[in-house]
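Positions in the sequence shown are counted from 1; adding 19 to them yields this note's numbering.
Don't be surprised by glycine CBs; every beta carbon is placed ideally from N, CA and C.
Below is one structure; the comments refer to it alone.
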Amino acid sequence: MLRRVGPTEPRVLGDQFALFISSVVDYAIFMLDPAGVIVTWNEGAQRIKGYRADEVIGRHFSIFYPAEDAKNRKPDWELEVAKRVGRYEEEGWRIRKDGTRFWASVVITALRDETGRLRGFGKVTRDLSERRAQEIQHNVEREREAMQLRAHAERMAELERTKSHFLNLASHELRGPLAVIRGYNSMLEDGTIAAEQIPAVARIVDAKLAQMDLLIEQMLETARLEDDTYELFRDTFDLRDVAQEQVDVFRALARDHSLVMAPDSGPLVVEGDRARIATVVANMLDNALKYSPGGGEILVTTGDRGANGFVSVRDEGLGISPRHLPLLFTRFGRLPTEQNVTIPGTGLGLFLCREIARRHGGDVEVESKPGVGSEFTLTVPLKSR
Numbered sequence: 020m021l022r023r024v025g026p027t028e029p030r031v032l033g034d035q036f037a038l039f040i041s042s043v044v045d046y047a048i049f050m051l052d053p054a055g056v057i058v059t060w061n062e063g064a065q066r067i068k069g070y071r072a073d074e075v076i077g078r079h080f081s082i083f084y085p086a087e088d089a090k091n092r093k094p095d096w097e098l099e100v101a102k103r104v105g106r107y108e109e110e111g112w113r114i115r116k117d118g119t120r121f122w123a124s125v126v127i128t129a130l131r132d133e134t135g136r137l138r139g140f141g142k143v144t145r146d147l148s149e150r151r152a153q154e155i156q157h158n159v160e161r162e163r164e165a166m167q168l169r170a171h172a173e174r175m176a177e178l179e180r181t182k183s184h185f186l187n188l189a190s191h192e193l194r195g196p197l198a199v200i201r202g203y204n205s206m207l208e209d210g211t212i213a214a215e216q217i218p219a220v221a222r223i224v225d226a227k228l229a230q231m232d233l234l235i236e237q238m239l240e241t242a243r244l245e246d247d248t249y250e251l252f253r254d255t256f257d258l259r260d261v262a263q264e265q266v267d268v269f270r271a272l273a274r275d276h277s278l279v280m281a282p283d284s285g286p287l288v289v290e291g292d293r294a295r296i297a298t299v300v301a302n303m304l305d306n307a308l309k310y311s312p313g314g315g316e317i318l319v320t321t322g323d324r325g326a327n328g329f330v331s332v333r334d335e336g337l338g339i340s341p342r343h344l345p346l347l348f349t350r351f352g353r354l355p356t357e358q359n360v361t362i363p364g365t366g367l368g369l370f371l372c373r374e375i376a377r378r379h380g381g382d383v384e385v386e387s388k389p390g391v392g393s394e395f396t397l398t399v400p401l402k403s404r
């Protein structure tokens, strides 16, 4: 039943209505005297706030507020608002007997007699913790969806920029070798190339075709990475063999360079995509040749560093400024200078090298000094014996 301080308190509810209020369990319904002291308590109040009637009647209702709110006299301010305008309503944090917080809907109504004299306040509290948790979860999900949409939009914009860059790159990089091939083809048709010059022309045409093939393959590999269709075809092989094969291929092209191979004495057995690892080594050798136009030695070293095997390619070329190194492995990360502006390249080679290496659990790193040269090192985890 509805509990009261004493027999002198005016009866404001009929017995049946008092029984109804007392039995409500979904709402904390209780009364305060004009000073904010609790004078009644129902079952819903006990269920929501955790206090029995004998523990709470006679105490100020500020015990239900967080310490900071109580210290700032927020409960008294709420009563003043209710006294002035008839009611106070809000949602906010409240405190249970065990000290836990819950999100509550609170309505405080000023109670006056027929003369207008304030007799106290009626207070109704509803626990909205579950609803608030659902709202928070809903907001989290909406924010996650919004972030996903923003990420998707950014990715689409990046893909559009990449597509434009690809088209410009293809147009620019393919036009040069095509012009050379077309020119020699026209001269062959006209008979203006002497018979003894044809082998040399064939080598030039072959080199230009290889340049075009490399560009197309780099663009296709980058597209596979963008579309998440990039697959590694794993096999077991010796890293030294791959390095030696590529050195043999590039030795024929190194007319002004001394290409030196210094292999490790022991096997460097790795597990991975042999063709793509070969592509990384080929890119490092190609860069060493291109960016050391004055010739010099290109030293290829293989060995192991702990659990990793490595292939290192060191040249005596132009070198790279320290401020350019962070951009070196980015997509389209060409760093034109006065010395290398005429050297052909896509800006995709080193980007792909690092991507391939990291998908094998390894990496590609660089040490370089302008005017001295560069050393690129591929590392790949060795296969456990």
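| Check | Outcome |
| --- | --- |
| Does DSSP classify Pro400 as helix, strand or coil? | strand |
| Tell me the rounded alpha-carbon separation between Leu308 and Val299. | 14 Å |
| In terms of alpha-carbon separation, which member of Glu99, Arg150 and Arg295 lies closest to Cys372? | Arg295 |
| Can you check which of these residues, Ala326, Glu177, Asp334 and Arg66, is closest to Gly313 by C-alpha distance? | Asp334 |
| Just grab the DSSP bridge partners of Trp112 for me. | Trp122 |
| Is it true that the region 65-72 meets the region 87-94, where meeting means three or more beta-carbon pairs spaced less than 8 Å apart? | no |
| Only counting the same chain, and skipping five residues up and downstream in sequence, which positions put a Cβ closer than 8 Å to that of Arg378? | Tyr249 and Leu251 |
| Nearest by alpha-carbon distance to Gly336: which of Asn306, Arg243 and Asn327 is it? | Asn306 |
| Can you tell which of Ile114, Ala123 and Arg115 has its C-alpha closest to the C-alpha of Glu108? | Ala123 |
| Considering Cα atoms alone, identify which of Pro196, Glu97 and Ser340 is closest to Ile235. | Pro196 |
| Under 8 Å by Cβ, that's how I've got Val330 and Leu397 pegged, so tell me the actual separation to the nearest angstrom. | 5 Å |
| Please confirm if the region 135-145 is in contact with the region 158-171, defined as three or more CB-CB distances below 8 Å between the two stretches. | no |
| Buried or exposed, going by whether 16 or more other CB atoms sit within 10 Å of the CB of Thr59? | buried |
| Go ahead and pull the three-state DSSP assignment for Asn61. | coil |
| Using the three-state DSSP reduction, which class does Ala281 fall into: helix, strand or coil? | strand |
| Should Val391 and Gly338 be called a contact, given that it needs their Cβ atoms to be closer than 9 Å? | yes |
| In this structure, what does DSSP give as the bridge partners for Arg129? | In the sequence as presented, Arg is not what sits at residue 129; that position holds Ala. In the DSSP output, where bridge partners are listed per residue, Ala129 has Phe140. |
| When you compare the CB positions of Gln265 and Ala301, do they come within less than 9 Å of one another, or not? | yes |
| Just verifying my parser: in three-state terms, what is the DSSP assignment at His171? | helix |
| What residues in its chain sit with their C-beta under 8 Å from that of Glu74, if we drop five residues either side in the sequence? | Lys116 |
| Going along the chain, which unbroken runs of the beta strand (DSSP E) with 3 or more residues stay wholly within the region 236-305? | 254-257, 276-281 and 288-291 |
| When you compare the CB positions of Leu367 and Met238, do they come within less than 9 Å of one another, or not? | yes |
| The alpha helix (DSSP H) that contains Val100, what's its start and end? | Lys93 to Val104 |
| Considering only C-alpha positions, which residue in the set Thr119, Gly111, Arg92 and Val126 is nearest to Val104? | Val126 |
| Specify the secondary structure class of Tyr203 as computed by DSSP and reduced to three states. | helix |
| Out of His171, Pro282 and Thr134, state which residue places its alpha-carbon closest to the alpha-carbon of Val332. | Pro282 |
| For a quick check, are the C-beta atoms of Thr255 and Phe370 less than 9 Å apart? | no |
| Quick one: Cα of Thr128 to Cα of Glu177, how far? | 58 Å |
| What whole-angstrom Cβ distance do Leu51 and Phe140 have, given they're in contact under 8 Å? | 4 Å |
| Could you name the residues of the same chain whose beta carbon sits closer than 8 Å to that of Ser311, not counting the 5 residues immediately before and after it, in chain order? | His276, Ile317, Asp334, Glu335, Gly336, Leu337 and Gly392 |
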